[in-house]
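Chains as they are written, first to last, in the numbering used here: chain A, 13 to 425; chain B, -8 to 356; chain C, 1479 to 1637; chain D, 54 to 205. For every residue, glycine included, the Cβ atom is placed at its ideal position computed from N, Cα and C. Here is the structure we will look at, set down as structure tokens.
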Amino acid sequence: MAHHNQSPSEMVKKLGWLHKVLAEESDTTEKEMTDFVKQQEIISGRDPEISEEEYFINMGPQHPSTHGVLRLMVSLKGEIVQNIKPHVGYVHRGIEKMTEKMTYKQIIHLTDRLDYLSSTINNHAVCLAVENGLEVEIPERVKYVRTIIDELIRIASHQLWWGVMGMDLGALTAYFYGFRDREKVIDVLEKNTGARLLHSYYTPGGLMRDIHADFQKDIKEYIKYQRNLMNEYDDLLSNNVIFRERTEGLGIMTREEAIAYGVTGPSGRASNFACDVRKQHPYAAYDKADFKQILYTGGDSFHRYKARLDEIKESMNIIEQLVDNIPEGSYTAKMKAVLKLPEGTYFQRVEAARGELGVYVISKGDKVPYRMKFRSPNLSNLGALDKLTRNYKIADLVAIMSSLDLVIPDIDR
Amino acid sequence: MNEKYIPRYDMTGVIQSIHEYFLSVMPAGLAYVTELVLIGILFLLFYAVVGLILVLAERKVAAFFQLRLGPYRVGPWGVFQTIADFIKLLLKEILEIKAADKFLFNLAPFIVIIASFMAIAAIPFGYSLHAIDFDMGLFYVLAVTSVGVLGVLLAGWSSNNKYSLIGAMRSGAQIVSYELSIGLSLMTIVVMIGSLQLSTIVQSQADGWWIFKGHIPAVIAFVIFLIASTAETNRGPFDLAEAESELTAGFHTEYSGIKFAFFFLAEYMNMFIAASIAATVFLGGWMPLHIGNLEWFNNIMDYIPAFVWYIGKTAFVIWILMWFKWTFPRLRIDQLLTLEWKYLLPINLINLVLAAFIVLMGWHF
Amino acid sequence: MNSITNYIKTVGKALKSLATGMGVTGYYFTHRSTAITEQYPENRATLKLAERFKGEIVMPHNEKNEHRCTGCGICETACPNGSIEIISNFEVIDGKRKKVIDKHIYHLSMCTLCGLCVDACPSDALDFGGDFEHAAFNRISLTKILNKEGSKLTKDIKE
Amino acid sequence: MNKEQLIEQLNARIQNIEITEAKQILEISTAPNHLFNIVNTLKTDAAFSFDYLFNLMGVDVDDKLGVYYYFESTAHNHQLLVKCFGISRDKAALPSLVSLYPGVELLEREVFEFYGINFEGHPDLRNLFLPDDWNGFPMRKDYYDPINIVER
């Protein structure tokens, strides 16, 4: 596409319409009007070469269903999606560049802000990568607590997604029910970590502080509460005929496609891609718990939905197995004040709520990493969106995007 | 049919005396004009009040379904919330879209609101308490309410916004198909009554509402009418024209201030009209609830004024429509049409035949 | 015939699923005690914050207006955002020249509440406070001086 | 398949690579002109079947621009790191892997804008996160921007 080589500022200079708009309101002549419309079309990415029936709309950066500042340039024919070009970067903060100036302990708080809905899992990835490099043995207690908190965050994240998925499909009530239950998990976490969203609870070698005295009791109460409500989720959405019609058989992704596009997490597992890092490359205390990898063969929006709901149940299973067996001991390993990773490349993959999160560190032996890279699950999932939504209606685009559960700050980093 | 049922609170005398008073102080022509203006003002007031109440009710009902309290700050229990909202909308800047078709853009909200306004004229609020009693009242209401979609189409087209256009086109397809279901489901009852006059329809239910004495066809017709009227009024789960998560606000994306308020108000008034039709045709209009020969019960029911019965029934139907909206996900446009053409229409036709058969055999009361 | 029964079954199933959904919402409509709204500014009196809640960084002072900050600057280096600045003086106490903080400046506007300063402090001088209502009309009021006017270093800190 | 067998297989089937064994993962490095064929073999050869590219990461190590490719085989559950450095810093270019792994389209765009590595054969190579008129390649070690980067 030719216009992509044109920078926006160049385009504005060329036609100068912005100055006109900003200047005093003059009588609009017909020519100015057509110029204006033409300009709109150029900005919205319309190619003069394409057929008359096809047109572009911009979904986002402010759009209710993009959940943040994602912009999709959607090419439509009637209501049928022809192709999608994602535009990202509106909240790019350069976290990878910032890490090159920060010590490993300081990096933790940045990772909170990647996928903010699974913040402790991001913390966990960095901690494990650093611990790998330093070859420290961390106490069993830390492993257990980290696993439990990660699963709690996963439940919270999936509950938010559940509500939002309902909202995207027009069932606003589901949104409130999802948030009601999420609040309970967040309360448990807040009591323990002191924060509701951005926890910064892990530190290389252990935890910031020991678990709260009520931690186990609260969790058991919460799980008892939540188990009763899973039926309600099914009644309200999963079994609803309209919901089924809107999701079943739409946006089908085969296993091969999922692997080729690197679609991981529940979205990938709904396509029968066994990509659960917790199972494939166990870390923390996941090898101590007996759980199954949720796999579906459908690969459509509904199975991605189902996979997430089942994951909530599976997470509760994991927590239940571990919560009573948290071993006594120190909440942190003996760590040096200044952490220096030996020279080399290290990486750690963890299962974040939306897929495989990877932390890749190249160290030159300094107290700061030479290069740090976060493998964002959402960026890979976004890459598959164009493929999934072709020839579906614009309403399906919303449903499919919702079933992929994108979090934009994680894409932008 | 039975002889006319006259409720305990008969408004005919009052209206008659007002009419006579006007005739006594001015010439007949002027008296009629004055009465028309008075009724117009009365309806405008009614319109505004119902609009405000319904918006508040929607917010409260939605909140109750969603584990919330709803508006709570403006006045006790937030009862003045919508008035505050309305003032805000009045004060808001009316945005002009440069690339819009200005005339149609400004015209659209009026078409929408006038369509709903015209429909109220024929609605019987009580015994002889209606502005005009056409002998084809039901047909008139159906015809007038479907003019509203013209406003929606114009709004979407003239905004020069792609989201609006998609919304408007959806709305067009939706209303054209759901008109059928509304008409046919009402026809099921009309077959039993034998009249399109709304006052006759109400009178025919003196000995029992059609939903009870119309057997199964009436119940099926009622359910279909509820579904179709939800679609007709562009409300969830059929709110595709404004589908918030897909089209941001659909056909009224570019409207602001009072023009947006017109669309907003018209949506609620359309809902009110749809609910009134349902109440009039299926639930006995202003007729009190009577149970067979239970004299004492019937007497108590008769004490409640007809107008209250009417509003109560309408409110009940509106509540059901709200319940729909706050429970279900939205349909997709092709599913919406599938629902109409593959499910509602065939069921409706069979239902109509069934009703006709019942009438033929004289099985209805 | 089979297709007709299927048709009726589909309709029946659909209606049943819709009724179930309406049952759920209907239940909450009629059970008002399940409402989860919190009337925030009014419920300040009953608002319960978690004891570990990370609202802001504070420097606890005891009743004699003494704090525990030696002005070593470890928190300043530990902070990833540069939200702590320490201005210290040298004073002569008991014939020894000692470092004493003049101002412990904390920029709340830059703080991410990661807790590294609290964790790093060797003399436990810093802690998390529960205040979360930080809204202000100008940014200057978000810059706080943590040590109180005229406060001193407590005696029970080992150098 | 364990590491030793993988090394054996790599030696037997693929030329022009250098195998180094690191702590976590087997690493091979190769030159840009061999990269596409090597990755193609790695993906299609049943002995390797590295069908899942789980990370692609641009690097600027020792004054050389390059890309690290992390592969995993979902069939054999083994992993491999392929390092490939461009020939020169000014005109760094690598073959695009989009035809083999469609999911790397966005990832290669990211590397392109941050490191200025040109991916030959990429269908739509332009900036992903940064504005179109951004000058310079921010993740390069010699990038200097006094306005947007605050040094402490």
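Taking C-beta pairs closer than 7 angstroms, name the residues in chain C that residue i reaches, listed in chain order.
i        : result
A:HIS121 : PRO1558, THR1590, CYS1592
A:VAL419 : What A:VAL419 touches in chain C: nothing, since even the nearest Cβ is about 19 angstroms away.
A:THR185 : THR1503
B:THR318 : GLY1499, MET1500, THR1503
A:SER212 : CYS1592, GLY1593
For residue i, which three-state DSSP category applies?
i         : result
D:MET192  : coil
A:THR344  : strand
B:THR239  : coil
D:TRP187  : coil
A:VAL33   : Note that A:VAL33 scores a pLDDT of 48, beneath 50, so its modelled location is shaky; the value from the coordinates is reported in the next line. If DSSP states are grouped into helix, strand and coil, A:VAL33 belongs with the helices.
D:ILE140  : coil
A:ALA141  : helix
B:SER226  : It is worth fixing the name first, because residue 226 of chain B is Arg in this sequence and not Ser. B:ARG226: coil per DSSP, three-state reduction.
A:PRO339  : coil
A:GLY367  : strand
A:SER38   : Because the pLDDT of A:SER38 is 46, which lies under 50, any placement of that residue in the model is unreliable, and the question is left without a value.
C:THR1515 : coil
A:ILE423  : helix
C:ILE1565 : strand
B:GLU49   : helix
C:HIS1612 : coil
Check the DSSP bridge columns for residue i and list the partner residues they point to.
i         : result
C:ASP1605 : C:VAL1536
D:VAL112  : D:GLY119
C:ARG1575 : C:VAL1570
A:MET384  : A:VAL373
D:ILE81   : D:ILE72, D:VAL135
B:GLY158  : None; B:GLY158 has no bridge partner.
A:THR357  : A:ILE374
C:LEU1631 : C:HIS1545
D:ALA146  : D:ASN171
Residues of chain A with CB closer than 9 angstroms to the CB of residue i, please, in chain order.
i         : result
D:ALA99   : Those do not exist, as D:ALA99 stays about 15 angstroms from chain A at its closest Cβ, beyond 9 angstroms.
C:ASP1597 : LYS117, THR215, MET220, ARG221
D:ASP104  : GLU268, ILE271, ALA272
D:LEU159  : PRO98, VAL100, LEU391, SER392, LEU394, GLY395, ILE423
Closer than 9 angstroms by beta-carbon distance: list the chain C residues that pair up with residue i, in chain order.
i        : result
A:HIS224 : ALA1528, GLU1529, ARG1530
Residue i touches chain A at which residues, Cβ-Cβ below 7 angstroms?
i        : result
B:SER236 : PRO76, SER77, MET179, ASP180, GLY182, VAL410
D:PHE182 : VAL100, GLY101, HIS104, ASP424
D:PHE190 : Here the premise fails: no neighbours, minimum Cβ distance about 11 angstroms.
B:GLN326 : GLU257
For a contact meaning CB atoms closer than 7 angstroms, what does residue i contact in chain B?
i         : result
C:VAL1489 : TYR334
Below 8 angstroms on C-beta distance, what does residue i contact in chain C?
i       : result
B:ARG59 : ALA1513, ILE1514, THR1515
A:ASP12 : With chain A represented from 13 up to 425, any question about residue 12 of chain A goes unanswered, as that position is not in the structure.
Going along chain D in order, which residues have a C-beta closer than 9 angstroms to the C-beta of residue i?
i        : result
A:ASN144 : LYS76, GLN77
Going along chain B in order, which residues have a C-beta closer than 8 angstroms to the C-beta of residue i?
i       : result
A:TYR67 : LYS153
Output, in chain order, the set of chain B residues within a Cβ distance shorter than 9 angstroms of residue i.
i         : result
C:LEU1477 : The structure shown does not extend to residue 1477 of chain C, since chain C spans only 1479 to 1637, so no value can be given for it.
Which chain A residues sit within Cβ distance under 8 angstroms of residue i?
i        : result
B:ARG323 : GLU257, ARG258, LYS405, ALA407, ASP408
> When you check each C-beta in the stretch 114 to 148 of chain D against every C-beta of chain A, which residues fall closer than 8 angstroms?
Replying inline: So the close ones are VAL114, TYR121, TYR123, THR127, ASN130, LEU134.
>> Which complete alpha helix (DSSP H) runs does the stretch 74 to 146 of chain B hold, if anything under 4 residues is left out?
In response: Entirely contained in the stretch 74 to 146 of chain B, the alpha helix (DSSP H) runs reaching 4 residues are, in chain order, 93 to 111, 128 to 136.
>> Any C-beta of chain B within less than 8 angstroms: which residues of the stretch 1504 to 1527 of chain C qualify?
In response: Going along the stretch 1504 to 1527 of chain C in chain order, one finds GLY1504, TYR1506, PHE1507, ARG1510, THR1512, ALA1513, ILE1514, THR1515, GLN1517 with a Cβ nearer than 8 angstroms to chain B.
> Where are the beta strand (DSSP E) runs, 3 residues long or more, that stay fully inside the stretch 195 to 282 of chain A, in chain order?
Replying inline: Counting only runs of 3 or more, we get nothing.
> According to a CB-to-CB cut-off of less than 8 angstroms, which residues of the stretch 42 to 69 of chain B neighbour chain A?
Replying inline: Within the stretch 42 to 69 of chain B, the qualifying residues are ALA53, PHE56, GLN57, LEU58, ARG59.
>> Threshold first: 3 residues or longer. Then list the beta strand (DSSP E) segments lying entirely within the stretch 269 to 308 of chain B, N to C.
In response: None, since the stretch 269 to 308 of chain B contains no complete beta strand (DSSP E) of that length.
> Along the stretch 1603 to 1617 of chain C, what residues have a CB closer than 8 angstroms to any CB found in chain A?
Replying inline: Here the close residues are PHE1606.
> Along the chain, which unbroken stretches of the beta strand (DSSP E) at least 3 residues long are found entirely within the stretch 72 to 160 of chain A?
Replying inline: Within the stretch 72 to 160 of chain A, the complete beta strand (DSSP E) runs of at least 3 residues fall at 83 to 89, 92 to 99.
>> Tell me which residues of the stretch 238 to 258 of chain B have at least one Cβ-Cβ distance to chain A shorter than 7 angstroms, keeping chain order.
In response: Here the close residues are THR239.
>> To test your reading of the DSSP string, which unbroken alpha helix (DSSP H) runs of 4 or more residues are found completely within the stretch 169 to 207 of chain B?
In response: Counting whole runs of 4 or more residues, the stretch 169 to 207 of chain B contains the alpha helix (DSSP H) stretches 189 to 194, 201 to 204.
> Going along the chain, which residues of the stretch 362 to 376 of chain A sit with their C-beta nearer than 8 angstroms to a C-beta in chain D?
Replying inline: With the criterion set as a beta carbon lying under 8 angstroms from some beta carbon of chain D, the members of the stretch 362 to 376 of chain A are GLU368, GLY370, TYR372, ILE374, in sequence order.
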